[in-house]
Amino acid sequence: MLKYLVKRLLQAVPLLILITMLCFTLINLAPYDAMDAKVTDKMTPADIEQMREEMGLNDPIPVQYLRWVKGLLQGDLGQSLINRTNIATDLKEKIPNTIKLVLPAYATAFLLAIALGLIAGRYKNTWVDKLINSTASIGLSVPTFWVALLFIYFFGLKLDLFPVMGMHSLGEDSFEDFLHHFVLPYAVLTIGFLPDLVRYVRSSTVTQFDEEYVTVQRAFGSSSGTILLRHVSKNVLLPMITKLGMALPMLVTGAVITETVFAWPGIGVYFTTAIRNLDYPVVMVVLVLSGSLVILGNLISDILCAVIDPRIRIGR
Amino acid sequence: MKNRRLELAKRTFLRDKGMWFALAFLLFIVAIAIGIGFTDADPNALNLQKMCAPPDSENLFGTDELGRDYLTRVIYGARVSLLVGVLAMLASVTIGVLVGLVAGYFGGVVDSILMRIVDVFCAIPWIIMVTVVGLLFQKGLASIVIVIGCFGWMEISRLVRTETMTAKNREFVHYAELIGVPKWKIILLHILPSIFPVIITAATGAIANAIMVESAMSFLGFGVAAPQSSWGTLLKTAQSTLSKAPHMAILPGVLIICTICSFNKLGDLLRLFVEPRAMQEGK
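So this is what it looks like as structure tokens:
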């Protein structure tokens, strides 16, 4: 087990290095650089040149890259060009906001999907299944922001039930106020996560029902409810753990669109604002962060699977 | 073998009403998107007396915030959305097939390097990647196509790689190698045709995906810029006028859903043709 763990960890490291390289190259390919955001009309070309020199922008790219990575490793994520704020401090404030939104939504979608998927798979080709499956198929084609627009119109503007902007009303800090703001984006996000998960659970349930152990259980006279809950569900849930690991990066970048529509002060809005303002240090940090989370998520789900299912350990 | 697959696909097609709807809808939307160019409907004709008007007999789907006929604008939007979808699909299929073929055929070090590159590209969520790369280009149709094309090819290349690895062990390929056919010729003339069905299936999925990504990007304001507008751009405008003109949010959204749904449905049909067994068991 330890050997497998170390091997997977070692595989992840070069990937991480490649990702930082890719991010850095991408940003350096951009037609502007960190200077362009600082230049004002009063500066002479000589001033600008001097500042470039001071900021190290004239150094060769590999030198700049190494300096940047060194900073990252020491926890120094740099400063935002626009607000002059420390990026690490910003992230500490924004990431929890995003998690508050994404975690409950994903958890709800996950549980609902398991229930709906098992039901659909169990009653394959009946009207229940057709209803669930076709709704999920259509759901896959529905853009989240469109659902958000409809919700804002009906529940926010027409019925005036919920606020449609932000996380708190101005000056309010109570939990009730938060919940009030939370309902709409949460619902939209849950709907966004659901279809893919439902289809996944359904198709693995259908596959499991064709397995021989189900036939054996039937021959022993188990009721189909027992088969579903005792045997099939266990085998369906195992691969779902992989999904869970892969969902880790969503905690940070899973709600970019929903956050933007509802002006939720999370990482998504932070990122899109940075893109609009050409705030490179911020963009780079978010890039690296999301990339590392994907790798970490894959790593975790592999390890979890290996812990639960010994066949994987031996197989490698 | 081939005929039985064709029969199966044909039977499913004839039985499934959803397929009929999907095909009919796609033909219809493409036809009006092309056809509107031959009418004198102008998507930019202003009518400041009639801004944000709800649907009536003159403007079937109302007017937008500058009094332009909304239906005309949505149909012109279809042109942009579909064009981006098709072109981006072509770009990502080209890259994906190329990488997949080379990695799968040559194997070894080439394969490892290419697949690590694929891993890296996969590691960054598309929405982050696409917006960042969008920074590098001037806003416009061409750059959207490049950006989406450059980030939708990874899945395709993995698929093509697996298929190529199977195909290169087939006897006709071995024979061609034996009699000294050059490698590029083997890849193009022998392997590529044998994996063609898989590519077509991946392509329908890629179109649906590209349309979805484009609409999201345009909605966030990183996509097609004015005066051109895609369905995503229209929805972005609709958001700002939501309280005055809710009718503007409906049509583009419904069209996005129907289009993507139809492409997915066609993809299902093609998949049935490519791997009939998997579909019968899985569904």
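In order, the protein sequence lines correspond to chains C and A.
Counted the way this note's numbering counts, the first sequence spans residues 10 to 325.
Counted the way this note's numbering counts, the second sequence spans residues 47 to 329.
In this text, a Cβ means the ideal position worked out from N, Cα and C, and glycines have one as well.
Bridge partner(s) assigned by DSSP for residue i
i, result
"T199 of chain C", "BP columns for T199 of chain C are empty, so no partner."
"V144 of chain C", "It is worth fixing the name first, because residue 144 of chain C is Thr in this sequence and not Val. BP columns for T144 of chain C are empty, so no partner."
"T94 of chain C", "T94 of chain C pairs with nothing; no bridge assigned."
"T109 of chain A", "A:D115"
"Q88 of chain C", "C:N95"
Nearest to residue i (by Cα), restricted to the options the options
i, options, result
"E223 of chain A", "A:L128, A:L69, A:Y151, A:T85", "A:Y151"
"P172 of chain C", "C:L159, C:G254, C:D186", "C:D186"
"L312 of chain A", "A:A248, A:N90, A:G269", "A:A248"
"F265 of chain A", "A:L72, A:M97, A:S127, A:F107", "A:S127"
"E2 of chain C", "C:P204, C:H240, C:G234, C:G87", "For residue 2 of chain C there is no data in the structure shown, the boundaries of chain C being 10 and 325."
"H189 of chain C", "C:L287, C:L110, C:I28", "C:L110"
"F33 of chain C", "C:V316, C:T117, C:V297, C:I96", "C:V297"
"I296 of chain A", "A:I225, A:A79, A:F107", "A:F107"
"V265 of chain C", "A:G269, A:W172, A:A291", "A:W172"
"K290 of chain A", "A:F218, A:D110, A:R57", "A:D110"
"A284 of chain A", "C:I312, C:I317, C:A157, C:Q83", "C:A157"
"G130 of chain C", "C:N142, C:F119, C:K243", "C:N142"
"L133 of chain A", "A:L280, A:L147, A:V193, A:M263", "A:V193"
"T199 of chain C", "C:T117, C:L287, C:N106, C:N307", "C:T117"
"L147 of chain A", "A:L316, A:I233, A:C196", "A:I233"
"L72 of chain A", "A:A254, A:L181, A:G153", "A:A254"
"S240 of chain A", "A:L94, A:V320, A:Q95", "A:V320"
"V303 of chain C", "A:A169, A:L238, A:T305", "A:A169"
"A149 of chain A", "A:F183, A:F218, A:K185, A:A213", "A:A213"
"L238 of chain A", "A:M263, A:G251, A:V206", "A:V206"
"S286 of chain A", "C:I236, C:T269, C:P248", "C:T269"
"N215 of chain A", "A:H236, A:I75, A:I190", "A:H236"
"V294 of chain C", "C:P54, C:G87, C:L38", "C:G87"
"L247 of chain C", "C:A315, C:V197, C:P258", "C:A315"
"Q95 of chain A", "A:L112, A:E260, A:L52, A:G226", "A:L112"
"L82 of chain C", "C:A97, C:I70, C:P69, C:D68", "C:A97"
"V270 of chain A", "A:Q184, A:L52, A:F74, A:G83", "A:Q184"
"P298 of chain A", "A:E209, A:L182, A:Y122", "A:Y122"
"D219 of chain C", "C:D205, C:V245, C:V197, C:G201", "C:V245"
"T153 of chain C", "A:E217, A:S158, A:M263", "A:M263"
"I128 of chain C", "C:P113, C:I250, C:L238", "C:L238"
Proximity test, residue i beta-carbon vs the ligand GTP heavy atom, cut-off 8 Å
i, result
"T58 of chain A", "As for the ligand GTP, it is missing from this structure, which has no ligand bound."
For the stretch 129 to 136 of chain C against the stretch 258 to 276 of chain A, are there 3 or more C-beta pairs whose distance is under 8 Å? Touching, no.
Every unbroken beta strand (DSSP E) within the stretch 215 to 303 of chain A, with a cutoff of 3 residues, ordered by chain: none
Taking three-plus beta-carbon pairs below 8 Å as touching, is the stretch 218 to 226 of chain C in contact with the stretch 271 to 289 of chain C? no
If you measure beta-carbon to beta-carbon, which residues of the stretch 86 to 99 of chain A are closer than 7 Å to chain C? Hits within the stretch: zero.
What residues in the stretch 163 to 186 of chain A have a beta carbon less than 7 Å from any beta carbon of chain C? If you check each beta-carbon in the stretch 163 to 186 of chain A against every beta-carbon of chain C, the ones closer than 7 Å belong to D165, V166, A169, I170, P171, I173, I174, T177, V178, V179, L181, L182.
Three Cβ pairs or more, each shorter than 8 Å: is that satisfied between the stretch 115 to 131 of chain C and the stretch 191 to 210 of chain C? yes
Can you list the alpha helix (DSSP H) stretches of 4 or more residues lying completely in the stretch 155 to 218 of chain A, in chain order? 172 to 182, 187 to 196, 200 to 213
So does the stretch 61 to 79 of chain A actually touch the stretch 298 to 313 of chain A, counting three or more Cβ pairs closer than 8 Å? yes
With three or more beta-carbon pairs closer than 8 Å as the criterion, would you say the stretch 175 to 183 of chain C touches the stretch 86 to 93 of chain C? In this structure the stretch 175 to 183 of chain C does not lie against the stretch 86 to 93 of chain C, because fewer than three pairs of beta carbons, one per stretch, are closer than 8 Å.
Can you give me, in chain order, the residues of the stretch 227 to 251 of chain A that have a beta carbon less than 8 Å from any beta carbon in chain C? none
Scan the stretch 215 to 260 of chain C and note each continuous beta strand (DSSP E) run of 3 residues or more that stays entirely inside, going in chain order. none
Any C-beta of chain C within less than 7 Å: which residues of the stretch 276 to 304 of chain A qualify? L281, A284, Q285, L288, S289, P292, A295, G299, I302, I303
I'd like the ranges of any alpha helix (DSSP H) spanning at least 4 consecutive residues and lying wholly in the stretch 62 to 98 of chain A. Taken in chain order, the complete alpha helix (DSSP H) segments of 4 or more residues contained in the stretch 62 to 98 of chain A are 63 to 81.
Using a Cβ cut-off of 8 Å, which residues of the stretch 53 to 71 of chain C contact any Cβ in chain A, in chain order? none
Does the contact criterion of 3 or more C-beta pairs under 8 Å hold for the stretch 155 to 173 of chain C versus the stretch 186 to 201 of chain C? yes
Interfacial residues, the stretch 22 to 36 of chain C to chain A, with Cβ spacing under 7 Å: Residues are counted here when their Cβ sits less than 7 Å from a Cβ of chain A; for the stretch 22 to 36 of chain C these are L24, L27, I28, L31, L35, given in chain order.
Inter-stretch contact (C-beta, 8 Å, three-pair minimum) for the stretch 117 to 124 of chain A and the stretch 172 to 188 of chain A: With a cut-off of 8 Å, the stretch 172 to 188 of chain A and the stretch 117 to 124 of chain A do not count as touching, because too few Cβ pairs lie within range.
What are the residues of the stretch 254 to 267 of chain A that lie near chain C, defined by any Cβ-Cβ distance shorter than 9 Å? A254, M258, S261, A262, F265, L266, G267
Do the stretch 128 to 140 of chain A and the stretch 192 to 204 of chain A touch if we need at least three Cβ pairs shorter than 8 Å? yes
Could you say if the stretch 56 to 75 of chain C and the stretch 248 to 264 of chain C meet the contact criterion of at least three C-beta pairs nearer than 8 Å? no
Give the residues from the stretch 162 to 175 of chain C that approach chain A closer than 7 Å (Cβ to any Cβ), ordered along the chain. Y162, L166
Within 8 Å, do at least three Cβ pairs link the stretch 154 to 171 of chain A to the stretch 13 to 28 of chain C? yes
If contact means a Cβ-Cβ distance below 8 Å, which residues of the stretch 85 to 109 of chain C contact chain A? Residues passing the 8 Å Cβ filter: none.
Under 9 Å, CB to CB, which of the residues in the stretch 271 to 282 of chain C have a partner in chain A? G277, F280, T281
Pair every Cβ in the stretch 247 to 260 of chain C with every Cβ in the stretch 301 to 314 of chain C, then say whether three or more of these pairs are closer than 8 Å. Contact between the stretch 247 to 260 of chain C and the stretch 301 to 314 of chain C is present, because at least three Cβ pairs lie under 8 Å.
Complete beta strand (DSSP E) runs within the stretch 53 to 88 of chain C (minimum length 3 residues, chain order): none
Can you list, in chain order, the residues of the stretch 305 to 318 of chain A whose Cβ is nearer than 7 Å to any Cβ on chain C? I306, C307, N310
Report the start-end ranges of each alpha helix (DSSP H) in the stretch 268 to 308 of chain C that is 4 residues or longer and not cut off at the edges. 276 to 285
By the 7 Å beta-carbon criterion, what residues does the stretch 255 to 267 of chain C contribute toward chain A? P258, T262, V265, I266
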